[in-house]
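Participant: There's a structure below that I have some questions on.
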Amino acid sequence: MVDERIYEMFREIGEDLYSAQMISSHGGNLSIRLGDRIIIKRRGAQLGRLKPHDLIETRLDKNDSGVVLASTELIVHRAIYQQTPALAVCHCHPRTAVAFSFSRDALVPIDNEASYLLKKIPVVTEEFASGSPQMANTVAGALKDYKIIMLRGHGSFAIGSTLEEAFHWSSTLEESAQMELAAKLINEPFIEYRGMTEGYKTF
Amino acid sequence: MPTIKLYAGLRKKAGQTEVSITGASLRTSVSALVEQIPALEGVIVQDGQIRPHFVININGHAATGLEVDIQEDDVIAIFPPIAGG
Amino acid sequence: MNGWNNKVLDIDLSAQTYETYPLDMEMARQFIGGRGLGVRLLWDLVGPDVDPLDPENVLVFTNGPLTGTGYQTSNRFSVTTKSPLTGTVLDANSGGWWGMQFKKAGYDVMIVRGKAEQPIWIEIKNEEITFHDASNLWGMRVFDLTEKLGQDNNKRNVLCIGPAGENLSRVAAIMNDRERALARGGPGAVMGSKNLKAIVVEGKKRTEIENKDRFKFLLYETRKLLAASPLTSQALPEFGTVVLMNIMNNIGALPTRNHQQTQFEGAEAISGEALTEKYLVKNQACWACPIGCTRISQTEKVEGEGPEFESTWAFGAQCGIDDLPAIIEANAICNDLGLDTISAGSTIACAMELSEKGYMDSELRFGRADQLASTLEAMAVREGVGSDLADGSLRLAKKYGHPELSMSAKGMEMPAYDPRGMQGQGLLYATSNRGGCHMRGNMVGPEVLGLPKMIDRFQVQGKSSFVILHQNGSAAIDALVVCKFTNMGVADEYFARVLSAVTGIQYDTGDLHRVGERIWNLERMYNLREGFTAADDTLPPRLLEDAPTEGPSAGWVVKLEPMLAEYYRSRGWDENGVPAQAKLEELGLADLVAATA
Chain R
0 MVDERIYEMF
10 REIGEDLYSA
20 QMISSHGGNL
30 SIRLGDRIII
40 KRRGAQLGRL
50 KPHDLIETRL
60 DKNDSGVVLA
70 STELIVHRAI
80 YQQTPALAVC
90 HCHPRTAVAF
100 SFSRDALVPI
110 DNEASYLLKK
120 IPVVTEEFAS
130 GSPQMANTVA
140 GALKDYKIIM
150 LRGHGSFAIG
160 STLEEAFHWS
170 STLEESAQME
180 LAAKLINEPF
190 IEYRGMTEGY
200 KTF
Chain D
0 MPTIKLYAGL
10 RKKAGQTEVS
20 ITGASLRTSV
30 SALVEQIPAL
40 EGVIVQDGQI
50 RPHFVINING
60 HAATGLEVDI
70 QEDDVIAIFP
80 PIAGG
Chain W
0 MNGWNNKVLD
10 IDLSAQTYET
20 YPLDMEMARQ
30 FIGGRGLGVR
40 LLWDLVGPDV
50 DPLDPENVLV
60 FTNGPLTGTG
70 YQTSNRFSVT
80 TKSPLTGTVL
90 DANSGGWWGM
100 QFKKAGYDVM
110 IVRGKAEQPI
120 WIEIKNEEIT
130 FHDASNLWGM
140 RVFDLTEKLG
150 QDNNKRNVLC
160 IGPAGENLSR
170 VAAIMNDRER
180 ALARGGPGAV
190 MGSKNLKAIV
200 VEGKKRTEIE
210 NKDRFKFLLY
220 ETRKLLAASP
230 LTSQALPEFG
240 TVVLMNIMNN
250 IGALPTRNHQ
260 QTQFEGAEAI
270 SGEALTEKYL
280 VKNQACWACP
290 IGCTRISQTE
300 KVEGEGPEFE
310 STWAFGAQCG
320 IDDLPAIIEA
330 NAICNDLGLD
340 TISAGSTIAC
350 AMELSEKGYM
360 DSELRFGRAD
370 QLASTLEAMA
380 VREGVGSDLA
390 DGSLRLAKKY
400 GHPELSMSAK
410 GMEMPAYDPR
420 GMQGQGLLYA
430 TSNRGGCHMR
440 GNMVGPEVLG
450 LPKMIDRFQV
460 QGKSSFVILH
470 QNGSAAIDAL
480 VVCKFTNMGV
490 ADEYFARVLS
500 AVTGIQYDTG
510 DLHRVGERIW
520 NLERMYNLRE
530 GFTAADDTLP
540 PRLLEDAPTE
550 GPSAGWVVKL
560 EPMLAEYYRS
570 RGWDENGVPA
580 QAKLEELGLA
590 DLVAATA
């Protein structure tokens, strides 16, 4: 069984993700790296209602937990830990951000918070269900340079040194997308309020 | 009574370094502090949460949130964002 | 490619000749500059057969592609050498203005080899290199010498040693711009052993930037971020680094009286708050820095830069001294003599404990603020008790039969964080390549200050991940070379982008960390080649076996063994702490190491 403080951390963030409508009942995933091991949600568990036995600890380079873990999930998280300095991964389906991902190669926030913190969120295309090394490498590769990216039509992957950090980026992204959607509905000319914004698109 | 000790920039803001308060939880303790020193309104806690990078230690251990219980002899140390190396 | 000057200045002090040649750009790409380029060159130049005080040891001064560009804090530079204190690879870095000027003079690297027959000083004015006789300067203290050689912050910059370096004290620093220091590990002694008193530099060249628009954007964003962060815009300028004193004491991680306790009853008296209230004149910034963390302090006897947290702790809590003016004066004396404050203070503390316990016959006692000034003066000239202390606490403690009372790792005195109150810091000290040092991955951020978020300072499992992250990240920053305080407001992704904008070479954030990892592993291989083993990745018995009996860290010792095992595995090293072949190949080091190990 995983350490209680770690379980609490996963449980709280899982609850927050679900109540913020950033995941469906059984979607998304959270993981952290502890040395050469990782802790990740097991297949079929609900992030919004995590129980202690829903968290599995396993070796970073292979599954020695004795539990079946979703192979598509594990391969991506593993690639992220091997290729980036991440110590935590938050993968969720922020619905408004996903809606934007259908039609563009990068989200460039227009609200203050996200343009300050995130600047640009690239969108990559891979078939997630394939569970292929290529898919994992595309996601991990993109996270080498950005702390949060979108997988087109699917969801976001965010990294940080703690789960709270990774969640922070994810939550900021969805908030930003919702604001931009509302602005599109309002549909009035945008009045720029920031300096040097050309730099955001090429960040 | 529990004691709250203030550090760095909080001292000038509050005009004091140490205050005795009554509070059963960290949340109520901080509220009591703000009641005594109105200049601290919104400084340590904002929108019901500890503001980013504020460190609140209870007897030298970092408080994980505002819902922690406070005992009679507890010493609460509040540090605004500070850095060094 | 821009950013680098693409020029190495190679000086032979024995022959008093020099040559210049292009920088190996493939090497630069892999190691960037600063500490990275330093260790890469040291690998080639100085092997196990060379004693640090032999003429065959070198001093490699390096800046980086960002130095002198005007990016925030782009003033720093490094010196790399084999340490006379620890015998490990040593790099030290410093701020101020000298590094910026050295870049303007048109060089990326200066290698100083050999030994001059008589004391000399070197003057660099762009391409003009002049060797001057320093016989009449030998013996001069740093402040007077700096003034005499014409220090003018923005135009002409003096780097020098004081009496401590001349007398080959193994804790001697190299000073620049009067009160900035390349302090740890005794580089001053190496310079002294070469009879080199000073290097003065003037320059005119501008650093070329590849993508100017992008650079301007990043400059603008960085300015915003530093202004928005309360750490860099308020805490550091207002209180300086000494602001850490009270929080370290509060959590029970402030080493006191040679690490005999973890809390100091006099902490408040020597805190940043006390300094600001009573002795602060103003704050000051290095070149191109908007933060301004430097203190200018004044007592009845001195006025000058500092003291920093570590220095205040070393002469303060570590020596059981709560007299802040005496500490400020001790700091100023160290700057004038060219001594590392951390090692000097902790060595004095060691002597205090040895003397109180009767192992050593001296007057030194904890709490004796009046003994600081005279002891430091004695250390610099190796007189009286100073001759015992001049080479650091480990040699001192060994001499008197109690090496376990030296609070050092690999012979370098540990700074102001007691690892019994911060498990990650314990792992950091034990594995740091230059010895017990906090600047190679300081865990105070996550374990004490909650930066970026608070982690449990007593947690053991998984701690190595944080230490490795910080070690690699710090190494990368030391290669750029910028100030780590920038990192408090600006994330690594900005550094990668600035480096790309300046040089025209694409580095992403992961690449930058990879450079840091590469540097770390090469430093490790260097130490292994010197004969260091896993047995040296350790801490004094006091920290592993003697738990504090009071305070918030009571009952805790450093749980080094499990953290170290996890650390080796996570770094891709074998159980003896040797980087595995796969890891070396991954980092592009396999051929280098095989050919010359």
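Chains as they are written, first to last, in numbering that gives the first Met the number 0: chain R, 0 to 202; chain D, 0 to 84; chain W, 0 to 596.
Glycine is no exception: its CB is placed at the ideal position from the N, C-alpha and C atoms.
(1) Could you confirm whether any beta carbon from chain W is found closer than 8 Å to the beta carbon of Pro1 (chain D)?
(2) Might you give, ordered along the chain, the residues of its own chain that have their beta carbon closer than 8 Å to the beta carbon of Trp97 (chain W), omitting 5 neighbours on each side?
(3) Do Thr85 (chain W) and Met413 (chain W) count as a contact pair if the criterion is CB distance below 8 Å?
(4) Entirely within the stretch 83-112 of chain W and at least 4 residues each: give me those alpha helix (DSSP H) ranges in chain order.
(5) Check whether the stretch 543-557 of chain W touches the stretch 256-272 of chain W, counting contact only when three or more Cβ pairs, one atom from each stretch, lie closer than 8 Å.
(6) Tell me where the alpha helix (DSSP H) around Phe30 (chain W) begins and ends.
(7) How would you call Glu624 (chain W), buried or exposed, if buried means at least 16 neighbouring beta carbons within 10 angstroms?
(8) For the alpha helix (DSSP H) that Glu522 (chain W) lies in, which residues bound it at each end?
(9) Per DSSP, what kind of secondary structure is Ala197 (chain W) in: helix, strand or coil?
(10) Would Thr240 (chain W) pass as an interface residue toward chain D - the criterion being a Cβ-Cβ separation below 8 Å?
(11) Please go through the same chain and pick out, in chain order, the residues whose beta-carbon is closer than 8 Å to the beta-carbon of Glu66 (chain D), but skip the five residues on each side of it.
(12) Check whether chain W comes within 8 Å of Arg26 (chain D), counting only Cβ atoms and requiring the distance to be less than that.
(13) Determine whether the Cβ of Ile454 (chain W) lies closer than 8 Å to any Cβ atom of chain R.
(14) Using 8 Å as the threshold, is the C-beta distance between Gly13 (chain R) and Leu29 (chain R) below it?
(15) On the DSSP bridge list, what partners appear for Thr532 (chain W)?
(16) Just confirm the distance between the C-beta atoms of Ile109 (chain R) and Ala182 (chain R), as a whole number of angstroms; I'd bet it's less than 8 Å.
(17) So with CB distances below 9 Å, who are the chain D contacts of Asp272 (chain W)?
(18) Give the secondary structure of Thr19 (chain W) by DSSP, where H, G and I count as helix, E and B as strand, and everything else as coil.
(19) Which residues does DSSP list as the beta-bridge partners of Met174 (chain W)?
(20) Determine, for Val54 (chain D), whether the minimum Cβ-Cβ distance to residues of chain W falls below 8 Å.
(21) Using a Cβ-Cβ cutoff of 7 Å, what residues of the stretch 51-80 of chain R are near chain W? List them in chain order.
(22) Check each residue of the stretch 550-565 of chain W: if its Cβ is closer than 8 Å to any Cβ of chain R, include it; give the result in chain order.
(23) Taking Gly64 (chain D) as the query, report the chain W residues whose CB atoms sit under 9 Å from its CB, ordered along the chain.
(24) In terms of residue numbering, what span does the beta strand (DSSP E) encompassing His90 (chain R) cover?
(25) Going by the DSSP bridge assignment, what does Gln283 (chain W) pair with across the sheet?
(26) For Met411 (chain W), which of helix, strand or coil comes out of DSSP?
(27) Express the C-alpha separation of Val141 (chain W) and Ile119 (chain W) in angstroms, rounding to a whole number.
(28) Could you give the DSSP three-state label for Asn334 (chain W): helix, strand or coil?
(29) Could you tell me whether the Cβ atoms of Val557 (chain W) and Gly435 (chain W) are closer together than 8 Å?
(30) Can you give me the Cβ contacts of Ala579 (chain W) inside the same chain, cut-off strictly under 8 Å, excluding the 5 residues immediately before and after it?
(31) Along chain D, in chain order, which residues have C-beta atoms closer than 7 Å to that of Leu479 (chain W)?
(32) Using DSSP with H/G/I as helix, E/B as strand and the rest coil, what is Pro561 (chain W)?
(33) Give me the Cα-Cα distance between Lys102 (chain W) and Ile295 (chain W), rounded to the nearest whole angstrom.
(34) Any beta carbon of chain D sitting closer than 8 Å to that of Glu237 (chain W)?
(35) Cβ of Lys462 (chain W) less than 8 Å from any chain D Cβ?
(36) Spell out a yes or no on whether the stretch 109-124 of chain R and the stretch 44-56 of chain R are touching, meaning 3 or more CB-CB pairs, one atom from each, closer than 8 Å.
Facilitator: Working from what's here:
(1) Residue 1 (chain D) sits at position 2 when you count from the first residue of the second sequence. Interface criterion not met: the Cβ of Pro1 (chain D) is under 8 Å from no Cβ in chain W.
(2) Stepping through the third sequence from its first residue, residue 97 (chain W) is reached at position 98. Closer than 8 Å at the Cβ level, and outside the excluded window around Trp97 (chain W), lie Phe76, Asn156, Val157, Leu158, Asn175, Asp176, Arg179 and Val200.
(3) Here residue 413 (chain W) corresponds to residue number 414 of the third sequence, with the count starting at 1. Here residue 85 (chain W) corresponds to residue number 86 of the third sequence, with the count starting at 1. No, they are not a contact pair.
(4) Annotation note: the stretch 83-112 of chain W contains the following uninterrupted alpha helix (DSSP H) runs of length 4 or greater, listed N- to C-terminal: 97-103.
(5) yes
(6) Within the third sequence, numbered from 1, the residue matching residue 30 (chain W) stands at position 31. Phe30 (chain W) -> alpha helix (DSSP H) spans Met24 to Phe30.
(7) Any answer about residue 624 (chain W) is impossible in this case: the structure gives chain W only from 0 up to 596.
(8) Position 523 of the third sequence, counted from the first residue, corresponds to residue 522 (chain W). Counting along the chain, Glu522 (chain W) sits inside the alpha helix (DSSP H) bounded by residues Thr508 to Glu529.
(9) Your numbering for residue 197 (chain W) matches position 198 in the third sequence. Residue state, collapsed to three classes: strand.
(10) As a working mapping, residue 240 (chain W) is identified with position 241 in the third sequence. Answer yes: the Cβ-Cβ gap between Thr240 (chain W) and chain D drops below 8 Å somewhere.
(11) Locating residue 66 (chain D) in the second sequence gives position 67, counting from the first residue. Correct list, in chain order: Ser24, Leu25 and Arg26.
(12) As a position in the second sequence, residue 26 (chain D) is number 27, starting the count at 1. No, no contact with chain W.
(13) Your numbering for residue 454 (chain W) matches position 455 in the third sequence. Judged by the 8 Å Cβ criterion, Ile454 (chain W) is in contact with chain R.
(14) As a first step, residue 13 (chain R) is located in the first sequence; it is residue number 14 there, counting from the start. As a first step, residue 29 (chain R) is located in the first sequence; it is residue number 30 there, counting from the start. Yes. Within cutoff.
(15) One-based indexing of the third sequence puts residue 532 (chain W) at position 533. Bridge partners of Thr532 (chain W): none, in fact.
(16) Taking the first sequence and counting its residues from 1, the one referred to as residue 109 (chain R) is at position 110. Taking the first sequence and counting its residues from 1, the one referred to as residue 182 (chain R) is at position 183. Yes, Ile109 (chain R) and Ala182 (chain R) are in contact; Cβ-Cβ is about 7 Å, under 8 Å.
(17) Here the question's residue 272 (chain W) lines up with position 273 in the third sequence. Looking at the sequence provided, one finds Glu at residue 272 (chain W) rather than Asp. Near Glu272 (chain W) (Cβ distances below 9 Å), the residues of chain D are Tyr6, Ala7, Arg10 and Thr16.
(18) In the third sequence, counting from the first residue as 1, residue 19 (chain W) sits at position 20. Here Thr19 (chain W) sits in strand by DSSP.
(19) Numbered from 1 along the third sequence, position 175 holds the residue referred to as residue 174 (chain W). Paired residues: W:Cys159 and W:Ala180.
(20) Stepping through the second sequence from its first residue, residue 54 (chain D) is reached at position 55. Answer yes: the Cβ-Cβ gap between Val54 (chain D) and chain W drops below 8 Å somewhere.
(21) none
(22) Glu565
(23) In the second sequence, residue 64 (chain D) corresponds to position 65, counting from 1. Ordered by position in chain W, no residue passes the 9 Å Cβ test against Gly64 (chain D), which lies about 11 Å from the chain.
(24) In the first sequence, residue 90 (chain R) corresponds to position 91, counting from 1. His90 (chain R) -> beta strand (DSSP E) spans Ala87 to Cys91.
(25) Within the third sequence, the letter at position 284 stands for residue 283 (chain W). W:Thr293.
(26) As a working mapping, residue 411 (chain W) is identified with position 412 in the third sequence. Three-state DSSP puts Met411 (chain W) in a strand.
(27) Start at 1 with the first residue of the third sequence, and residue 119 (chain W) comes out as number 120. Start at 1 with the first residue of the third sequence, and residue 141 (chain W) comes out as number 142. Each residue's Cα considered, the two are about 15 Å apart.
(28) Translated into positions along the third sequence, residue 334 (chain W) becomes position 335. Asn334 (chain W): helix per DSSP, three-state reduction.
(29) Locating residue 557 (chain W) in the third sequence gives position 558, where the first residue counts as 1. Locating residue 435 (chain W) in the third sequence gives position 436, where the first residue counts as 1. Gly435 (chain W) sits away from Val557 (chain W), with the two beta carbons spaced by 8 Å or more.
(30) As a position in the third sequence, residue 579 (chain W) is number 580, starting the count at 1. The answer, listed in chain order, is Gly571, Trp572 and Asp573.
(31) Working through the third sequence from its first residue, we reach residue 479 (chain W) at position 480. Simply none; closest approach about 17 Å.
(32) Counted from its first residue, the third sequence places residue 561 (chain W) at position 562. Helix at Pro561 (chain W).
(33) Within the third sequence, numbered from 1, the residue matching residue 102 (chain W) stands at position 103. Within the third sequence, numbered from 1, the residue matching residue 295 (chain W) stands at position 296. If you take the alpha carbons of Lys102 (chain W) and Ile295 (chain W), they lie about 27 Å apart.
(34) Start at 1 with the first residue of the third sequence, and residue 237 (chain W) comes out as number 238. Interface residue, yes.
(35) Here residue 462 (chain W) refers to the residue found at position 463 when the third sequence is read from its first residue. Judged by the 8 Å Cβ criterion, Lys462 (chain W) is not in contact with chain D.
(36) Under the 8 Å Cβ criterion, the stretch 109-124 of chain R does not count as touching the stretch 44-56 of chain R, having fewer than three qualifying pairs.
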